[in-house]
Amino acid sequence: MSVMQSPQTLAEKVWNAHVVRHGEGNGEARQPDLIYIDLHLLHEVTSPQAFEGLRLAGRQLRRPDLTIATEDHNTPTLEIDKPIADLTSRTQIETLRENCKEFGVRLHSLGDKEQGIVHVVGPQLGLTQPGMTVVCGDSHTSTHGAFGALAFGIGTSEVEHVMATQSLSLKPFKTMAINVEGTLKPAVTAKDIILAVIAKIGTGGGQGYVLEYRGSAIRSLSMDARMTICNMSIEAGARAGMIAPDETTFEYVKGRPHAPQGEDWDAAVANWNTLHSDEGASFDAEVFLNADELESFVTWGTNPGQGVSLSQSVPSPEDYEDENDRKACERALTYMGLTGGTPMKDIRVDTVFLGSCTNSRMEDLRAAAEVVKGKVKDPNVRMIVVPGSARVRLEAEAEGLDQIFKDFGAEWRFAGCSMCLGMNPDQLDEGERCASTSNRNFEGRQGKGGRTHLVSPLVAAATAVRGTLSSPSDLANTPAAV
Amino acid sequence: MEKILTHTGIGVPLRQSNVDTDQIIPAVYLKRITRTGFEDALFAGWRRDENFILNKEPFNAGSVLVAGPDFGTGSSREHAVWALKDYGFKAVISARFADIFRGNSGKQGLVAAEVAQSDIELIWKELENNPGTTVSVDLESRTVQCGSISAPFQIDDYTRWRLMEGLDDIGLTLQQEDAITAYEATRPLYKPKTLPAKTAG
Ligand code: SF4
Chain A
148 MSVMQSPQTL AEKVWNAHVV RHGEGNGEAR QPDLIYIDLH LLHEVTSPQA FEGLRLAGRQ
208 LRRPDLTIAT EDHNTPTLEI DKPIADLTSR TQIETLRENC KEFGVRLHSL GDKEQGIVHV
268 VGPQLGLTQP GMTVVCGDSH TSTHGAFGAL AFGIGTSEVE HVMATQSLSL KPFKTMAINV
328 EGTLKPAVTA KDIILAVIAK IGTGGGQGYV LEYRGSAIRS LSMDARMTIC NMSIEAGARA
388 GMIAPDETTF EYVKGRPHAP QGEDWDAAVA NWNTLHSDEG ASFDAEVFLN ADELESFVTW
448 GTNPGQGVSL SQSVPSPEDY EDENDRKACE RALTYMGLTG GTPMKDIRVD TVFLGSCTNS
508 RMEDLRAAAE VVKGKVKDPN VRMIVVPGSA RVRLEAEAEG LDQIFKDFGA EWRFAGCSMC
568 LGMNPDQLDE GERCASTSNR NFEGRQGKGG RTHLVSPLVA AATAVRGTLS SPSDLANTPA
628 AV
Chain B
7 MEKILTHTGI GVPLRQSNVD TDQIIPAVYL KRITRTGFED ALFAGWRRDE NFILNKEPFN
67 AGSVLVAGPD FGTGSSREHA VWALKDYGFK AVISARFADI FRGNSGKQGL VAAEVAQSDI
127 ELIWKELENN PGTTVSVDLE SRTVQCGSIS APFQIDDYTR WRLMEGLDDI GLTLQQEDAI
187 TAYEATRPLY KPKTLPAKTA G
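Residue numbers (the numbering used here), protein chains in the order written: chain A, 148 to 629; chain B, 7 to 207.
Okay, here's the thing in C-alpha cells:
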C-alpha cells in the first residue's frame with residue numbers, strides 16, 4: 148500500500164534527502180538535524196583557521212574528494228606571474244597552498260586554467276548539480292542554488308566542522324516562494340529582477356528563509372542568469388536561494404568535466420526530475436512580482452535594497468514616513484554624494500566594473516560586449532572587465548570579446564573577485580563613483596570612500612559609453628567609433 | 007577539547023559592564039590566519055593603559071575573569087573566545103552574557119558562569135582586598151568559591167555536560183560517526199567527486 152506523502156517544497160526535498168540523523172524533539176525545542184554535505188568549496192580567506200583547528204585537534208579532513216579550493220579574493224588581476232605585493236594577501240594564498248597540499252585538497256591556483264571565483268568555478272566544472280548540498284565559507288554560496296541545490300554560506304568554525312565530519316548540525320530553514328510571472332522587456336535582466344526583489348522585501352526580508360524563485364519569467368532564464376539571481380539571495384538576508392532544475396539545467400550540466408555519464412546520467416536525471424515543489428506544497432511566505440512591469444534597476448544608496456528603476460530619480464528623505472528610513476536615506480545620500488530628486492540617468496560615474504560572482508560569466512560578458520561593440524567609451528570613465536574565471540576568460544578570448552572590450556577602451560583583466568570587495572589592488576579611491584555589476588554597495592566595500600551603484604551588465608556597458616547611468620536604449624544616437 | 011570538571015585560578019576583577027567583543031579583541035587582529043596566539047590581542051586597547059588590571063601582578067597570571075554584566079556583546083567574532091583562552095582564562099564570571107558569546111564559549115571550552123551581581127560585588131571586594139586570591143569554578147556543583155564566599159552559578163545543562171565531557175561541536179558530531187558512514191553508503195553513485203580532478207582539457 149502506498150502512503151500519501153504530504154506535498155513538499157524543493158528545499159524540503161533536498162533537506163530530507165541529506166538527513167544523517169533527525170534532531171529529537173518537536174517545535175521550538177527541536178534539536179538540529181545532522182545534514183550531509185555533498186560539496187565543500189574553499190578559498191583563501193575563510194579556510195586557514197579551519198585547517199589549523201583540524202591540525203590542533205589532530206583531526207583528518209574526512210572527504211578530500213568532496214572538497215575543492217580556488218584562489219580568488221586576494222588574487223591580482225594584472226601581472227599574475229609576479230609575486231603578490233600585499234603581505235596579508237600573499238600570506239593567505241600561500242597558507243591555502245600549504246594547507247591544500249597537507250590535507251590533499253584539489254586546488255586551482257592563480258595561473259591555472261580552472262582558477263577563478265569559487266562560485267563560478269564549481270558550476271563550470273560540473274561539480275554543482277541539482278539536489279546537492281553545497282557549502283562554502285562565503286555568503287554568496289547561494290549562487291549554486293540556481294541548479295536546485297541547497298547551497299549556503301557558513302562561518303569558520305562550521306568550515307572546520309564540515310572538514311572533519313562532512314556534515315553540519317542545522318535547524319530547518321523556513322521557505323519563501325518568490326513568484327515572477329510574465330515576460331521581461333528587452334534589456335531587462337536577471338540582475339534587475341533580483342534588485343527589484345530585494346527592494347521589495349528589504350535587506351532583512353529573507354532572514355531565516357530559503358527563497359525559491361519560480362514562475363514563467365524564471366523558467367525562461369539561462370543558467371548564467373539564474374545564478375545571478377540566486378547569488379544575491381543573501382542580499383535579501385536569506386540563507387539560500389533555489390530554482391527547480393529543468394531542461395535548461397540538465398543541458399548546462401551535461402558534458403561538463405564532472406557531470407555524470409552513461410547510466411549515472413540517466414539515474415541522475417530521473418532523480419533531478421523529481422526536484423520541484425509539489426503541487427499544494429506550502430511555503431512560510433510568498434511574494435509576487437510581475438516581470439512585464441520590470442525595468443532596469445539600479446541602486447542609489449549604500450545597501451542593495453536602496454534601489455529604483457533607472458528611469459526614476461534619487462529619493463529624498465522626505466519620501467519616507469518611517470523615521471529610521473528617513474535617517475538611513477539621509478546618511479546614504481551624504482555618503483553617496485547625491486541629492487534627492489536627481490534623475491538617476493544624470494548621475495555621472497568615474498568607473499565601470501564588470502565582474503564578480505554575480506555577473507562575470509560568458510553571458511554577462513557577451514551582453515556587455517554587444518552593447519559596446521563599435522562604440523567609443525566616454526573618455527572620463529575607466530572600465531575594468533574581470534572575467535569570473537580563467538576558463539571564462541579563455542572562452543571570451545576565443546569569441547573575440549576581449550578585443551571588443553579593448554577596442555572600446557576597457558581594461559581586460561585576469562580572473563578573480565577583484566573590485567567586488569577590493570581585497571586586491573583593484574579599489575575605488577575616496578569619492579570615486581562606480582557602476583558595478585557586483586552585489587554589495589556597502590560603504591567602503593569597493594575601497595575606502597568609494598561610491599557604488601549596483602547595475603546589470605547591460606547598464607554597466609551603456610554607462611561606460613555615455614558616462615552617466617544609462618540603458619542600452621539610450622545609446623541610439625551615440626556616435627560609432629571611427 | 008579538554009574536559010573541565012572544576013577549575014581554580016587567580017581571580018581578576020574587571021569592574022566594567024557591557025564589555026563588548028570589540029574591547030575583548032579589536033578588529034585589526036581579525037586579519038590573522040591563525041587561531042592561536044591571540045593572547046596579545048586580548049583587551050589590546052585597554053592594555054595600553056598601565057593601570058589596567060591585567061598589567062598588574064598578580065592579576066596578569068589570572069585565569070578566572072570576574073566581569074560586570076552584559077559581557078561579550080557586539081559582533082559575533084569567535085576570536086573573542088580564542089583571545090581569552092589564549093591568554094590563559096578558563097572561566098569568565100558575569101551576571102549576564104551576550105547569547106552569541108555564551109554559545110561560542112561553550113563550544114570552545116571556556117566556562118561562562120552566570121553569577122548574581124550581588125555575589126560578584128562580594129567577589130570583587132575580596133579580590134581587590136587580597137590580590138592573588140583564587141576563584142574556584144566547580145561545574146559539578148555549579149558553585150564558585152572565592153575566599154569565604156560561596157555562590158551558585160547558572161549554566162545550561164547541555165553546555166555543562168559538554169564542558170565536563172570535553173566535547174566540542176566536532177567531537178559531538180563525531181560521536182555520530184556510524185550514522186555518517188551509514189549515510190555515505192546510501193549516497194547515489196552519480197554524485198560528483200572532486201578527485202580525481204577532471205577539467206575541460
Ligand atoms: S566576487 Fe565578491 S561576492 Fe563573489 S565571492 Fe568574490 S568577494 Fe564574494
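C-beta: ideal position from N, C-alpha, C; glycine also.
Between L201 of chain B and chain A, the shortest Cβ-Cβ separation is below 8 Å.
In this structure G295 of chain A is in contact with T396 of chain A, their Cβ atoms being roughly 7 Å apart against a cut-off of 8 Å.
Proximity of Q276 of chain A to chain B, defined by a Cβ-Cβ separation below 8 Å, is satisfied.
S154 of chain B has its alpha-carbon roughly 17 Å from the corresponding atom of I99 of chain B.
Shown here, E261 of chain A sits in coil according to DSSP, grouped into three states, outside any helix or strand. For D175 of chain B, the nearest CB of chain A lies under 8 Å from its own CB, placing it at the interface with that chain. In terms of beta-carbon proximity, I215 of chain A lines the interface with chain B, with at least one pair separated by less than 8 Å. Sequence-distant partners of G172 of chain B (beyond 5 residues in either direction) whose C-beta falls short of 8 Å from its own C-beta, in its chain, are M7, E8, K9, I10, G115. Collapsing the DSSP output to three states places R168 of chain A in a strand.
Under a criterion of Cβ atoms nearer than 9 Å, no residue of chain A is adjacent to K9 of chain B; the nearest Cβ is some 14 Å distant. For C377 of chain A, the Cβ stays outside the 7 Å cut-off from all heavy atoms of the ligand SF4. Any Cβ of chain B closer than 8 Å to the Cβ of A414 of chain A would place that residue at the interface, and such an atom is present.
Our two residues, G170 of chain A and M323 of chain A, have alpha carbons roughly 23 Å apart in a direct line.
Collapsing the DSSP output to three states places G300 of chain A in a strand. Under DSSP, F435 of chain A shares a beta bridge with A:N326. In this structure D339 of chain A is buried. Its beta-carbon is surrounded by 16 or more other beta-carbon atoms within 10 angstroms.
The beta carbon of M374 of chain A is closer than 6 Å to those of T290, A293 in its chain, skipping five residues each way along the sequence. Shown here for Q151 of chain B: same chain residues with a beta carbon closer than 6 Å to its own, the five before and five after excluded, namely S142 in chain order. C-alpha of N420 of chain A to C-alpha of I30 of chain B: approximately 51 Å in a straight line.
Just measuring C-alpha positions, the residue of A:A514, A:L201, A:V528, A:I494 sitting nearest L548 of chain A is A:A514.
Taking 7 Å as the cut-off, the C-beta of S585 of chain A counts as close to a heavy atom of the ligand SF4. In the DSSP secondary-structure assignment, A232 of chain A is not bridged to any residue. Taking the C-beta atoms as reference points, E199 of chain A is found nearer than 8 Å to R41 of chain B.
Residue state for E359 of chain A is assigned as strand, using DSSP reduced to three classes. Contacts between T242 of chain A and chain B, judged by CB atoms closer than 7 Å, involve I39 in chain order.
Where M389 of chain A is concerned, the enclosing beta strand (DSSP E) starts and stops at 387–389. The segment 594–622 of chain A contains, as complete alpha helix (DSSP H) runs of 4+ residues, the segments 604–613 (chain order). Check the Cα spacing between K520 of chain A and each of A:A557, A:M279, A:K332: the tightest is with A:A557. In this structure, L568 of chain A has its CB closer than 7 Å to one or more heavy atoms of the ligand SF4. If you look at E120 of chain B, you'll find it in the beta strand (DSSP E) that goes 117–120. Separation of T584 of chain A and L501 of chain A (C-alpha to C-alpha, rounded to the nearest whole angstrom) is 5 Å. Using a CB distance below 9 Å, no part of the segment 378–393 of chain A faces chain B. C581 of chain A carries a strand assignment under DSSP once its states are collapsed to helix, strand and coil.
Following the DSSP letters along the chain, one finds R513 of chain A inside the alpha helix (DSSP H) bounded by residues 509–519. In the DSSP assignment, T149 of chain B falls within the beta strand (DSSP E) that extends over 149–152.
Looking at A:A337, A:A364, A:H405, the one whose alpha-carbon comes closest to that of S380 of chain A is A:A337.
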